[in-house]
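Numbering (the numbering used here), first residue to last: 99 to 316. C-beta: ideal position from N, C-alpha, C; glycine also.
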Amino acid sequence: MITIGEIAKQLIRKTPFLEEALTDDLINISSLARKLKPQIEESLHKEVQEGAIIMAIKRMTPEYHQKVDFGLKHFVNNLGDFIVQSGLMHYTFENSNTLALRQRDLISHIAGDQIYYSASRGIFETTVVVSNSTTDLVEKIFINEKLIFQKYSLSSVTLRLSLKRKETTGFYYYILKELAMEKINVEELISTTNEFTILVSDKDIDRAFSVLMRLKKT
Numbered sequence: 099m100i101t102i103g104e105i106a107k108q109l110i111r112k113t114p115f116l117e118e119a120l121t122d123d124l125i126n127i128s129s130l131a132r133k134l135k136p137q138i139e140e141s142l143h144k145e146v147q148e149g150a151i152i153m154a155i156k157r158m159t160p161e162y163h164q165k166v167d168f169g170l171k172h173f174v175n176n177l178g179d180f181i182v183q184s185g186l187m188h189y190t191f192e193n194s195n196t197l198a199l200r201q202r203d204l205i206s207h208i209a210g211d212q213i214y215y216s217a218s219r220g221i222f223e224t225t226v227v228v229s230n231s232t233t234d235l236v237e238k239i240f241i242n243e244k245l246i247f248q249k250y251s252l253s254s255v256t257l258r259l260s261l262k263r264k265e266t267t268g269f270y271y272y273i274l275k276e277l278a279m280e281k282i283n284v285e286e287l288i289s290t291t292n293e294f295t296i297l298v299s300d301k302d303i304d305r306a307f308s309v310l311m312r313l314k315k316t
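Here's what the structure looks like:
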């Protein structure tokens, strides 16, 4: 017969990071037990005491979290150098039939220069991140495009990733969680196969870099 502990474990492991929070004592076990109680009773077809669920949760071995945590830390510890770029600006335009042509015009003007450029096209809009020095050029080239959002005084940190990233569960969560806990607002994320760039305001770049370095050395 299946036990209270086995059902509780199954329910908790449907949300892997819930187990992480339990391991770090970030969750009130009594509240969690009350939340799980109806589902456990439904599975057992009988009433269950809340205290029994609490004891079952406390006896759980955080095997999954330990495996994930070890894999993440090993992966982060072996990241390459962090590349910091300052003096960036962020534009978001509504997609149009001419927007790609305007991007091509911009690239042709800055090709060969040491100017930061990144673009990400979504279904309805496109984000362009470039160096502040191109402000006048961007506004001239994209003058007939519909501007949705813009922000200046941004900086970025780029992480070089190994090919094992696709085998490492929770990497992005691991990084973004630490930044959020330090109250660092992430303005934009830019990702390629082996690069991950975090865009923050200039005032937050030192703290963001420090958080990432701490994770790498932990």
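Could you work out which residue in the options is closest to residue i when comparing CA atoms only?
| i | options | result |
| --- | --- | --- |
| V182 | K315, S299, L313 | S299 |
| H207 | E104, S308, I239 | I239 |
| E139 | E104, E117, D122, R200 | E104 |
| E285 | I205, T267, Q248, P136 | Q248 |
| I282 | D211, T196, S254, L259 | S254 |
| A198 | G210, R219, G178, I125 | R219 |
| L274 | L313, K301, L252 | L313 |
| A119 | G185, Y272, Q201, K244 | Y272 |
According to the Cβ coordinates, are residue i and residue j closer than 8 Å?
| i | j | result |
| --- | --- | --- |
| V228 | V236 | yes |
| S128 | I110 | no |
| K171 | T316 | yes |
| I296 | S216 | no |
| E223 | T196 | no |
| R258 | D179 | yes |
| E145 | A131 | no |
| E41 | I246 | Residue 41 is absent from the model: the chain starts at 99 and stops at 316. |
| Y250 | M158 | no |
| F94 | F269 | Residue 94 lies beyond the residue range present for the chain, which begins at 99 and ends at 316; the question has no answer from this structure. |
| M213 | T232 | Checking the displayed sequence, the identity of residue 213 turns out to be Ile instead of Met. Cβ atoms of I213 and T232: closer than 8 Å. |
So what does residue i bridge to, in DSSP terms?
| i | result |
| --- | --- |
| I288 | T295 |
| F247 | T190 |
| T256 | I181, T295 |
In the stretch 173-227, which residue ranges form an unbroken alpha helix (DSSP H) of at least 4 residues, counting only runs that do not cross its ends? 197-208
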